[in-house]
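Counting in full-length UniProt numbering, the sequence shown runs without a single skipped number right up to 504 at its last residue.
Just so you know, even glycine gets a beta-carbon here, dropped at the ideal spot from N, CA and C.
First up is the structure itself, then whatever we jot down about it.
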Amino acid sequence: MRVLMILPALTEATSPLFRPIKYSLFPPLGLATLAGYLPGDDEVRIVDEHVERFDPALADLPDLVVIQVYITSARRSYELADWYRARGVFVALGGLHVTSLPDEAAAHADSVFCGPGEDTWPAFLADLRQGTTAKRYTSKQRTLAGLPPIRRDLIKRHRYLVPNSIVVSRGCPHHCDFCYKDAFFEGGKSFYTQAVDDALAEIDRLPGRHLYFLDDHLFGNARFATELFEGMRGAGRVWQAAGTVDSILRPGLLERAVDAGLRSLFVGFETINAGNLAEQRKRQNVGRDYGQVVRRLRDAGVMVNASFVFGMDSDGPDVFDRTVDWAVRQGIETATFHIMTPYPGTGLFRRIEAEGRIVHRDWELYDTRHVVHEPRGMTARQLEDGYWRAYKDFYRWSNLWRGASAKPRPGDRLRHLAYAGGWKKFERVWDVLIRSGQVLHALPLLETALSSFGTRSPGGTMRGDLLEGAVDDRRGAGDRDHGRGRRAELAAGRRRGAGVEPHG
Ligand code: B12
Ligand code: SF4
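So this is what it looks like as structure tokens:
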């Protein structure tokens, strides 16, 4: 069977004028995961429109087309689906947006898939071979046990800055109102992990040093995370991930992560207005000292990528300046800002819709950069302008200097400037690298920046400059065998409890 898997892009990512680096970061891991279930004699191709041009008319017609649909790329996904169906090709649509609005998607598909695909996809493949496919498949059995190896060979590695993205869990133990998570995992477990051994085996398969864990909350199951980090210790990896504020404050886990190579963490602070947290059911953030979170990460040598959402009901027009000022004063290296966006299927969407505050359903604009609801504490114009101003202000050189000067040592300050400036001040350089298909060549730069963080002296205090970082790296390489020894040891002790059952 000839199978074509497509990750369509939203318009901005295919712009001939300028493509932000964020679209060339990660390969289509979901599709490569599904490809792992196809038998070896199937002919499989993955197309990622974020990094390559695709015209269906210029390619041979496959037997099966699989499309992963995000809200912002729904229009393009349906356009491609309709094109193939008009030519008699079987079209399967799945992913987050299909799960939120299966009826909308079903108008463009032969089969739609709700939720994660690890159970429904192999069931569908069996049906397809027997000619008995259903219109809709809904995931119920949630497990990552026995996952076939991800078909990373189908990924065009050189087109991504971070080809080594990985997920070792699905979902998250929390239930924030604005998050897609509860809608996507409805009808089954909403947080579960791989067996630690399987996760370590997947990590071992990845070449080079750098990893990016795309898990919603890598620290969500403390037992799993502890064993994972123990298993990774000494392997010389440097990695980035996402975690919640409560997990950072939990004693012990962060330190273990740093020992295993954690160098930068995406943290969902979301808002500096306490009223918003309760409204969004972001209970794990309520009453937490955000300053302490940043200090803990800084002391552990972990860079912070702070995420903030503007436009919640307690936000007034002053929220932008206050948030930027707070983040700069804390010495946060990078920040991501979003306009609050009610995604269909979420509790937030239901509430805002019931209040008659959804302005339109043009899904392409549900990209967290456009206002799609009527805000309470300001006008839509104020919200959109404030959002763009926040980005400009945070990444202004004067604020980068101010942020850097929150660091105690000259080496740390320099690193702050190089890393934060590198992302935002050289977007045009990234664009050239993307267009020439050479973005992977920049990975050593990222690895160097990351590996110079997080180095600890034997006494446990953090060491500062790049030279010391390099010395520490050499020691890390020497420790590699030690790490493997530990992994083998752990694996032996763990097999009994393999498949650590998550809570949630
Ligand atoms: C990496 C990532 C990106 C990357 C690239 C995406 C990629 N290459 O896949 C980049 C940086 C480009 C990105 C951009 C954006 N992202 Co993003 N991103 C993610 C992230 C962190 C991980 C995705 C991932 O790899 N997951 C792991 C794989 C294994 O899971 P999966 O992709 O979901 O695939 C599984 C299932 O969905 C299912 N499946 C998927 N397709 C199909 C098809 C069939 C036929 C079947 C059977 C099954 C199936 O099976 C797979 C295996 O279980 C998610 C959060 C998350 N945890 O998923 C957010 C997330 C997907 N992003 C989100 C958003 C909002 C955006 C942006 C709009 C943000 C912005 N302001 O720009 C943009 C635009 C995205 C677009 N292209 O349209 C939201 C999506 C909300 C929604 N309802 O669609 C998420 C969920 C984050 C969040 N918590 O809100 N993102
Ligand atoms: S902590 Fe993050 S991933 Fe978990 S429910 Fe809240 S927003 Fe979603």
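- Inside the UniProt domain "B12-binding" (1-135), DSSP marks whole beta strand (DSSP E) runs of 3 or more residues at positions 2-7, 43-48, 64-68, 90-94 and 111-114, from first to last along the chain.
- One alpha carbon belongs to R233, the other to F266, and they sit about 21 Å apart.
- Contact annotation: the stretch 179-191 does not touch the stretch 149-165, with fewer than three C-beta pairs closer than 8 Å.
- Not one heavy atom of the ligand B12 falls within 6 Å of the beta-carbon of A105.
- Runs of alpha helix (DSSP H) with 4 or more residues, each lying fully within the stretch 287-351, are found at 290-299 and 319-330, listed in chain order.
- In this structure, the beta-carbon distance from F191 to P163 does not fall below 7 Å.
- With a threshold of 16 other beta carbon atoms within 10 Å, S100 meets it and is buried.
- Every residue whose Cβ sits closer than 6 Å to any heavy atom of the ligand SF4 is listed here in chain order: C172, H174, H175, C176, C179, K181, D216, H217, T244 and G268.
- Look at Q382 here: in three-state DSSP terms it is helix.
- In this structure, the CA atom of I71 is about 9 Å from the CA atom of G95.
- Taking G386 as the centre and dropping the five residues before and after it, the same chain places the C-beta of F310, P317, V319, F320 and M378 closer than 8 Å to its C-beta, in chain order.
- Straight-line measurement puts the Cα of G117 at about 37 Å from the Cα of A300.
- V372 has its alpha-carbon roughly 7 Å from the corresponding atom of L365.
- DSSP places L211 in the strand class (E or B) of the three-state scheme.
- The alpha-carbon of G275 is positioned some 15 Å away from that of R322.
- Closest by C-alpha distance to F229, out of L206, V245, A260 and R223, is A260.
- Shown here, T226 sits in a helix according to DSSP, grouped into three states.
- According to the DSSP assignment, G403 belongs to the alpha helix (DSSP H) that extends over W397 to A404.
- Here the alpha carbons of T120 and I339 stand approximately 34 Å from one another.
- With a cutoff of 6 Å, Q280 does not count as near the ligand B12, since its C-beta is closer than that to no heavy atom of the ligand.
- Exclusion of the five residues before and after S77 leaves P8, I67 and V69 as the residues of its chain whose Cβ lies within less than 6 Å of its Cβ.
- 7 Å or more divides the Cβ of R281 from the Cβ of C179.
- In this structure, the alpha-carbon of L25 lies about 26 Å from that of S247.
- Contact annotation: the stretch 332-352 touches the stretch 291-306, with at least three C-beta pairs closer than 8 Å.
- Out of R151, L58, G30 and R295, the CA that lies nearest to the CA of E43 is found in R151.
- Assignment of T448 by DSSP, reduced to helix, strand and coil, places it in the helix class.
- In summary, T33 is buried, with 16 or more beta-carbon neighbours lying within 10 Å of its beta-carbon over all protein chains present.
- With a threshold of 6 Å, the Cβ atom of Q240 does not count as near the ligand B12, since no heavy atom of the ligand is closer than that.
- By the CB criterion at 7 Å, L262 and W239 fall inside the cutoff.
- If you compare the alpha carbons of R237, F213 and L4 with that of P444, the shortest gap goes to R237.
- Taking a cut-off of 8 Å for Cβ pairs, the stretch 208-220 and the stretch 165-172 touch, as three or more such pairs fall below it.
- Contact between V293 and L249 holds: CB atoms are separated by about 6 Å, below the 8 Å threshold.
- The alpha carbon of L4 has as its nearest neighbour, out of A59, A235 and I352, the alpha carbon of A59.
- In the DSSP assignment, L262 falls within the beta strand (DSSP E) that extends over L262 to E270.
- Measuring C-alpha to C-alpha distances from D48 to each of I203, I6, V91 and A86 identifies I6 as the nearest.
- DSSP, reduced to helix, strand and coil, places A145 outside both helices and strands of the structure shown, so it counts as coil.
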